[in-house]
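Asks: Input: one structure, supplied below.
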Amino acid sequence: MVEQYKSFEELSLKELYTILQLRSEIFVVEQNCVYQDLDGEDYRAIHFLCTSDQNKGDLVAYCRIFMPESKQEEAKIGRVLVKEEHRTAGYGRKMMMSAMKWINQQGVDKMRLEAQTYLIGFYSSLGFEAQGEEYLEDGIPHISMALRPQ
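Under UniProt numbering, the residue at position 90 of the sequence shown is numbered 90, and the numbers go up by one with no gaps.
What follows is the structure, given as structure tokens:
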């Protein structure tokens, strides 16, 4: 797996198209959830692209990261996805561990994400803890999860 962290400005048109296509494929079509994925936040995100080192650099996993204004605040991880045909290969875990390490290397040790409820076990295995009550976002059960410094 080849990993790249890019600001919005650093993304090529092909990379941006591929990201948006995969997000739409998973979050809109696969999950049968009509919502506006283009939320105006991609401009300020760091985009973490994980591509296959075997299949011509195909995007297999992705997330976006919002770094805090100060190192005492939380980084936010969102739009976490793994392409359907690669979900049993461990890309999600590898990507999340790499993203968490990268955030730590930037001097930030607190992180937050909004997890779909069925993924609580996965994120808990990475050290995240559920915070608050379950809520619906676009008709899908979610819960806030936080990773605190050890």
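We put the beta carbon where it would ideally sit given N, CA and C, even for glycine.
The structure presented is a predicted model; accordingly, all values stated were derived computationally and were not measured.
1) Does DSSP classify Glu9 as helix, strand or coil?
2) My output table needs one value for Glu129: the three-state DSSP class, helix, strand or coil.
3) How many whole angstroms separate the CB atoms of Arg44 and Arg79, which I take to be in contact at a CB cut-off of 8 Å?
4) Expressed to the nearest angstrom, what Euclidean distance is found between the alpha-carbon atoms of Leu59 and Ser7?
5) Do you know offhand how far Ala130's Cα is from Glu25's?
6) Just how far apart, CA to CA, sit Gly127 and Met145?
7) Where does the unbroken beta strand (DSSP E) through Glu145 begin, and where does it stop?
8) Suppose the cutoff is 6 Å on Cβ atoms and the five residues either side in sequence are ignored; what does the same chain contact list for Leu81 look like?
9) Tell me, to the nearest whole angstrom, how far the beta carbon of Lys110 is from that of Leu147; I am working on the premise that it is less than 8 Å.
Replies: Concretely, from the data shown:
1) Indexing the sequence shown from 1 puts residue 9 at position 9. Glu9: helix per DSSP, three-state reduction.
2) Within the sequence shown, residue 129 is the residue found at index 129, counting from 1. Residue state for Glu129 is assigned as strand, using DSSP reduced to three classes.
3) By one-based count along the sequence shown, residue 44 stands at place 44. By one-based count along the sequence shown, residue 79 stands at place 79. With a Cβ gap of about 13 Å, Arg44 and Arg79 do not count as contacting.
4) Taking the first residue of the sequence shown as 1, we reach residue 59 at position 59. Taking the first residue of the sequence shown as 1, we reach residue 7 at position 7. Cα-Cα distance, rounded: 17 Å.
5) Here residue 130 refers to the residue found at position 130 when the sequence shown is read from its first residue. Here residue 25 refers to the residue found at position 25 when the sequence shown is read from its first residue. Between the alpha carbons of Ala130 and Glu25 lies a gap of roughly 27 Å.
6) Stepping through the sequence shown from its first residue, residue 127 is reached at position 127. Stepping through the sequence shown from its first residue, residue 145 is reached at position 145. If I take the Cα positions, the gap works out to 10 Å.
7) The count along the sequence shown starts at 1 and reaches residue 145 at position 145. One point to set straight first is that residue 145 is Met, not Glu, in the sequence displayed. Residues 140–147.
8) As a working mapping, residue 81 is identified with position 81 in the sequence shown. Closer than 6 Å at Cβ, skipping near neighbours: Ile26, Tyr62.
9) Reading the sequence shown from its first residue, position 110 is the one you call residue 110. Reading the sequence shown from its first residue, position 147 is the one you call residue 147. With 8 Å as the limit, Lys110 and Leu147 qualify as a contact, their Cβ atoms being about 7 Å apart.
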